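In UniProt numbering, the protein residues as written are 1 to 752.
Glycine included, each C-beta is placed from N, C-alpha and C at the ideal position.
In this text the structure is predicted, and so the values were computed from the model without any measurement.
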């Protein structure tokens, strides 16, 4: 759990602008016409349409993406009944989480009443404003009645997150823990310590998933909830047992699972010792669990444990649920959040924990390789896949259970829409991945002794993108696989420098000698070069023993390019190579070239780079619209690098008239079609969106792509090597696993 002081927390919430959320306009508002449309008189038109057809409120207002977080402050976090105003920072925080995790807008509403009738009346009165209602921090038993009445009387998604959020997340963890511990859900004996809103909701959902009611013992502050007690509410009586058990110590003896939603330190080491073999302990009291994590793990080595804390494995955190559950419910205009939708969320979360974990998640949590197992039974809150996994599962369940007003028919398009909401436009990359999967190729990973390379190899193998081949020391690679629990034991490993590979090195040396003996290369020199992993790997591609090669994550760019040129060679029709980056921006893909190879190209080199790049862009099923950029516009400056760009443009217009290309042009005019058309209506680019940029020199190209990557939030894929006879590609120094996987995808498509 992150450490901070009281002063840190207060400064954060006060800041330059007090609070954590704001309202921003989503429509133009800079002209008098804009304001007339936004308010009077233009606003009358949508008002009248909604009056005629109330469902049009979703069409003309923000209702469909607006959730109310509503509380009376009677059960705030671990602070208790602190009042409506004191609870407001928590409700604002909930609004922030809705926005950053699922792009849902929120108004937080603090209601200053403890009277159930008055609370329900107020919420019903404001409900037309919202597409959904998240009830928060309302004490039991009032929270049960409030939620039940609102769900009955309103027809929008309503959920008391303190109950159902914890229930959904812990249920996903429970299903996976039971699987890992090799138990059956219908057989487990469950002890629930706590009888508040969360405990009741968790227990009910566990029963829906298959836990037998007769196998459950619930304990409150007075002991076991037994049917002989006379102080039980109707809700507690629902879970009363007839067994001769009266204390937590008696109840937990031989139990398979402990679920704590109570107070710190009520579970002792002796109690944990008395549990059944391979026990499960969910100690979810916050901020301090029912038993300290270190203490519990010390007394039972066969234990799976979860807490509510981020500094221990298996954090049960409600942010894994509510943003995505409401997202799915809102997107089909569900009339509620029912049991089927909750169970769908549970199963989606449980299944996601079994998938390969993205590199960015490992990095965020300072892990090497998170894997499904005792320390990873539920996904991490920062996993970017949660939105595209949980929201669709919830939406489908709403549709199948008959409470969706607007069914989704194109699920692939919906998933892409979700990605775009979070600024991730992966349409092109998705298409490339699907193309690679249809015909995966044998890809050599030259740096097989690198952990990130091995993790990428595992990912592409599991995703069916490629058939990896590793170059490296077999003992070192095996140790890395075992130490990091990687699932790639069956991937071929070639120790290219070993005695076993002597025959192959000699055979490759003969091939290389035949290629380059009239360029001064002797056979003995060729044999020596075969001890270099990049020469050896490139020769595997050249001789057909592999289809593509990736290298460079731990070496210089030139150390990969030179062996590739000497072995597989350059395409003879242009006899030129260049480096291209694909930038995935919010406005769509942009191709930048040359960014890695040619330092100070002349006009012919710029022409060749343009033709190579245009050919590559077409492989992505995109028609290239090419701007040759400079610090000049169409000859406004006739000295320096603009002259070479002007000469290259003239050649391209003359010799390749069907290519949509123009220059020289400054970058702002290249990327802004409206501005360009106003100023230069004669341009061959017309009103088209430029998707390909050719730079006048290596310095400007390299600086530009890195600048956009760092400041513009674009994902850079590359460098994509253009002009080679076969698929040889370079991985940028210190690439992430995701970036390596992207380059493998490019290499496979290139090899196809």
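Ordered along the chain, which non-local residues of its own chain (more than five positions away) have a Cβ less than 7 Å from that of residue i?
i, result
"residue 177", "280, 304, 377"
"residue 582", "589, 591, 717, 718, 720"
"residue 652", "607, 610, 659, 661"
"residue 62", "105"
"residue 618", "624"
Ordered along the chain, which non-local residues of its own chain (more than five positions away) have a Cβ less than 8 Å from that of residue i?
i, result
"residue 114", "72, 74, 142"
"residue 509", "523, 526, 527, 529, 530"
"residue 541", "444, 547, 548, 549, 567, 568, 726, 727, 728"
Enumerate in chain order the residues of its own chain whose CB-to-CB distance from residue i is below 6 Å, with the five nearest sequence positions on each side excluded.
i, result
"residue 742", "717"
"residue 284", "260, 261, 308, 316"
"residue 81", "74"
"residue 333", "405, 406"
"residue 263", "285"
"residue 729", "550, 721, 743, 747"
"residue 199", "192, 261"
"residue 40", "none"
"residue 168", "321, 342, 345, 346"
"residue 160", "135, 143, 147"
"residue 517", "none"
Please report the residue range of the alpha helix (DSSP H) in which residue i lies.
i, result
"residue 442", "Careful: residue 442 lies outside any alpha helix (DSSP H), inside the beta strand (DSSP E) at 441-445."
"residue 508", "502-516"
"residue 96", "88-102"
"residue 434", "427-438"
"residue 392", "386-400"
"residue 176", "161-180"
"residue 539", "533-542"
"residue 546", "Counting along the chain, residue 546 falls outside any alpha helix (DSSP H), and DSSP gives it neither H nor E."
"residue 522", "No alpha helix (DSSP H) holds residue 522; DSSP gives it neither H nor E."
"residue 214", "It is not in any alpha helix (DSSP H) - residue 214 carries neither H nor E in the DSSP assignment."
"residue 451", "451-462"
State the Cα-Cα distance for the pair residue i and residue j, rounded to the nearest angstrom.
i, j, result
"residue 597", "residue 578", "5 Å"
"residue 299", "residue 291", "11 Å"
"residue 408", "residue 131", "17 Å"
"residue 507", "residue 647", "47 Å"
"residue 22", "residue 456", "40 Å"
"residue 637", "residue 665", "11 Å"
"residue 676", "residue 687", "8 Å"
"residue 463", "residue 437", "8 Å"
"residue 144", "residue 228", "24 Å"
"residue 211", "residue 346", "15 Å"
"residue 559", "residue 552", "8 Å"
"residue 732", "residue 58", "46 Å"
"residue 35", "residue 681", "31 Å"
"residue 349", "residue 326", "15 Å"
"residue 695", "residue 605", "11 Å"
"residue 393", "residue 413", "15 Å"
"residue 422", "residue 306", "29 Å"
"residue 124", "residue 153", "8 Å"
"residue 710", "residue 6", "33 Å"
"residue 433", "residue 441", "12 Å"
"residue 429", "residue 715", "11 Å"
"residue 330", "residue 454", "40 Å"
"residue 612", "residue 641", "21 Å"
"residue 52", "residue 128", "16 Å"
Give the range of the beta strand (DSSP E) segment to which residue i is assigned.
i, result
"residue 250", "Where residue 250 is concerned, there is no enclosing beta strand (DSSP E), although the alpha helix (DSSP H) it sits in stretches over 248-252."
"residue 627", "625-629"
"residue 729", "727-730"
"residue 720", "715-722"
"residue 695", "Where residue 695 is concerned, there is no enclosing beta strand (DSSP E), given that its DSSP letter is neither H nor E."
"residue 193", "190-193"
"residue 282", "280-283"
"residue 468", "466-471"
Using a Cβ distance threshold of 8 Å, determine whether the region 354-371 contacts the region 731-749, with at least three qualifying pairs required. yes
Length-filtered (3 minimum) beta strand (DSSP E) runs lying within the region 548-612: 548-551, 578-585, 588-593
Output the residue ranges of the alpha helix (DSSP H) runs that lie fully inside the region 329-369 and measure 4 residues or longer, sorted by chain position. 339-352, 359-364
Cβ contact check for the region 240-252 and the region 213-227: 3 or more pairs under 8 Å: yes
Check whether the region 165-174 touches the region 310-326, counting contact only when three or more Cβ pairs, one atom from each stretch, lie closer than 8 Å. yes
Taking only runs that begin and end inside the region 661-685, name each unbroken alpha helix (DSSP H) of 4 or more residues, in chain order. 667-671, 673-679
Sufficient close CB pairs (3 or more, under 8 Å) joining the region 91-99 to the region 44-59: no
Start-end ranges of the beta strand (DSSP E) lying completely within the UniProt domain "Malic enzyme N-terminal" (18-151), minimum 3 residues: 66-71, 105-110, 132-135
My parser needs the beta strand (DSSP E) runs of 3 or more residues fully inside the region 291-335; what are they? 304-307
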